[in-house]
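Protein chains in written order, with our numbering: chain A, 1 to 244; chain B, 1 to 317.
Inspection log for the structure reproduced underneath, given as structure tokens.
Quick look at the structure:
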């Protein structure tokens, strides 16, 4: 059974379930809507031009990531509804093949939508940024746009792995959402250095022209990728040894 | 040909005490006939089917299809079609997309998807979301999925569940037709009378253990008492003659005027009445139903299990 055939099967599954295709679309829609709302109404998140110029243009990634983790979680959780996984495994009994194909489709779709989102929102926002507008030629801007797309794909896959481990989108989202939104503040107060290595904090370094903190932009994305790899391994370990 | 072979299959779930859902099962399901897989709820039928499909891992023993473990089949849907749970199709997918996703992994064309949808009477509902389906329609969709790869082996868990009377006739004819084409058809059910209408062979489970693996006719004969019903123009002489020859005859006739003779066959009673010149209007063996035979078997088993082990040789005598 060729990998490409299983990938096609997984793509049909993900694109034909509203919860998954909807949250994938939401990555783009949420980011663009927020971005335009802020830039058109008041000229951006920092209308006086304060802060990092590249991050100002890509701040919407913070919100798009919630849609990205929902996408990663629902792409998996639909398999844990009413024993659907049994149908899937009856068709593709090699669990590694099924897992890899599903991860490839989830990660691939999130990457494409993430990149389209980051570039579209960058240009759309900057068109309304007035005197503080930056172009794609601004140092760190191109890197930031590519990085934002990759970051969104990594977050989707982080949720993907966790959902295979926990077998529920609700469980994944109730761990990841507070972890991504609140944990950096909590840990940041206690141990400033450690917070730099949390997946979201490290991964979003690349959204800055001149990131502050211990890890650089690409190294930060690498740290986020390690977290994602760990989640994918944990999900694989769970899926491989459990009865379906 | 492709048979299902189960050898010493055991599945134990952790717990205190550990629960043996399947306990040392050995049987084969042969092609060309419908094999009914019987047992009460919780007997281990579904677990056995999941073990055959490689979805659960056995604690010990093996289950193979055509001599190979299911998980070693290159394109399993082309060998085995399975219906495990009709609820498993995602509610927000259309019936057609549900099947297309399964078909795509085997490079089965969409044309075949439309074929099985038409064959199961779902052509009109192909683009409706599964959420809107009745249980009977979901059952048909599950059967359509099982037929996708035109498999030599079908493994169906309670396929008649939720079907209306018309659907039950349909599934019965479908199963018999598939077996007539030389396929291996393995169908679990807890409904005895339904199974009696399509099965040729039976595998019976009770509490995870194999109770019987026999042709259905034989199963019914083995677990039911012979009995004859006879209607005569001279009941007084019939009764006296039979009693004199040592037969056990009922106290009175039923509402249709038939007398019941226990432990007899129609041949035996027919010979007696012919010799004596007693006029007979009706003479028939009364077959037990599969349900009665099954209940007889399980009550035998229960007695067996409840009987205390003999403590000494003298008690056994």
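No residue lacks a Cβ here, since even glycine has one placed at the ideal position from N, Cα and C.
Just so you know, these numbers come straight off a predicted model, no measurement behind them.
In the DSSP assignment, residue 201(B) falls within the unbroken beta strand (DSSP E) covering 201-206. The stretch 12-23 of chain A and the stretch 96-109 of chain B touch, with three or more beta-carbon pairs separated by less than 8 Å. Shown here, residue 4(B) sits in a strand according to DSSP, grouped into three states.
At a Cβ-Cβ threshold of 7 Å, residue 45(B) and residue 205(B) count as neighbours. Residue 224(B) sits close to residue 293(B), with the two beta carbons spaced by under 7 Å. Under the three-state reduction of DSSP output, residue 279(B) falls in the coil class, being neither helix nor strand. Apart from sequence neighbours up to five positions away, the residues of its chain that approach residue 43(B) with a beta-carbon distance below 6 Å are 205, 206, ordered along the chain.
As summarised for the stretch 49-117 of chain A, the continuous alpha helix (DSSP H) elements at least 4 residues long and confined to that stretch are 53-58, 61-77, 84-91, given in chain order.
Rounded to the nearest angstrom, the gap between the Cα atoms of residue 44(A) and residue 35(A) is 8 Å. Here residue 4(B) has 28, 29, 52, 63, 64, 65, 153, 155, 184, 186 as same chain residues with Cβ atoms under 8 Å from its own Cβ, once five neighbours each way along the sequence are excluded. Less than 7 Å separates the beta-carbon of residue 105(A) from that of residue 7(A).
When the beta-carbon positions are compared, residue 197(B) and residue 297(B) stay at least 7 Å from each other. Relative to the Cα of residue 40(A), the nearest Cα in the group 130(A), 9(A), 21(A) belongs to 130(A).
Annotation note: the stretch 61-86 of chain B contains the following uninterrupted beta strand (DSSP E) runs of length 3 or greater, listed N- to C-terminal: 80-83.
Residue pairing of residue 27(B) in beta bridges, as defined by DSSP: 6(B). When DSSP assignments are scanned along the stretch 206-262 of chain B, the uninterrupted stretches of alpha helix (DSSP H) that are 4 or more residues long and fall wholly within it turn out to be 216-222, 235-244. By the Cβ-count criterion, residue 262(B) is exposed, with fewer than 16 other Cβ atoms from all chains shown falling within 10 Å of its own Cβ. By a beta-carbon distance limit of 8 Å, residue 171(B) contacts residue 160(B). Their separation comes to about 5 Å. Excluding five sequence positions before and after residue 180(A), the CB atoms of its chain that fall closer than 6 Å to its own CB belong to 200, given in chain order.
For residue 75(A), no chain B residue has a Cβ inside 8 Å of its Cβ, as the nearest lies near 12 Å away. Residue environment for residue 13(B): exposed (fewer than 16 other C-beta atoms within 10 angstroms of its C-beta).
Annotated as distal: residue 138(B) and residue 91(B), with beta-carbon spacing of 7 Å or more. Residue environment analysis places residue 220(A) among the buried positions, since at least 16 neighbouring C-beta atoms fall within 10 angstroms of its C-beta. The residue among 229(B), 134(B), 108(B), 117(B) with its C-alpha nearest the C-alpha of residue 256(B) is 229(B).
Under the Cβ criterion of 7 Å, residue 105(B) is counted among the residues facing chain A. Of the candidates 295(B), 88(B), 58(B), the residue whose Cα lies closest to the Cα of residue 219(B) is 295(B).
The alpha-carbon separation between residue 249(B) and residue 165(B) amounts to approximately 39 Å. Neighbours of residue 102(A) in chain B, taken as residues whose beta carbon is under 9 Å from its own, are absent, since the nearest beta carbon is some 11 Å off.
Following the DSSP letters along the chain, one finds residue 186(B) inside the beta strand (DSSP E) bounded by residues 184-189. With a threshold of 16 other beta carbon atoms within 10 Å, residue 136(A) falls short and is exposed. Residue 172(A) is positioned such that its CB atom lies closer than 7 Å to that of residue 73(A). In the structure shown, residue 110(B) adopts helical secondary structure according to DSSP, grouped into three states. For residue 211(B), the nearest beta carbon of chain A is not closer than 7 Å to its own beta carbon. In the three-state reduction of the DSSP assignment, residue 166(A) falls in the helix class.
Listed along chain A is no residue with a C-beta nearer than 7 Å to that of residue 21(B); the closest approach is about 11 Å.
With distances taken between CA atoms, residue 164(A) lies nearest to 100(A) out of 2(A), 206(A), 198(A), 100(A).
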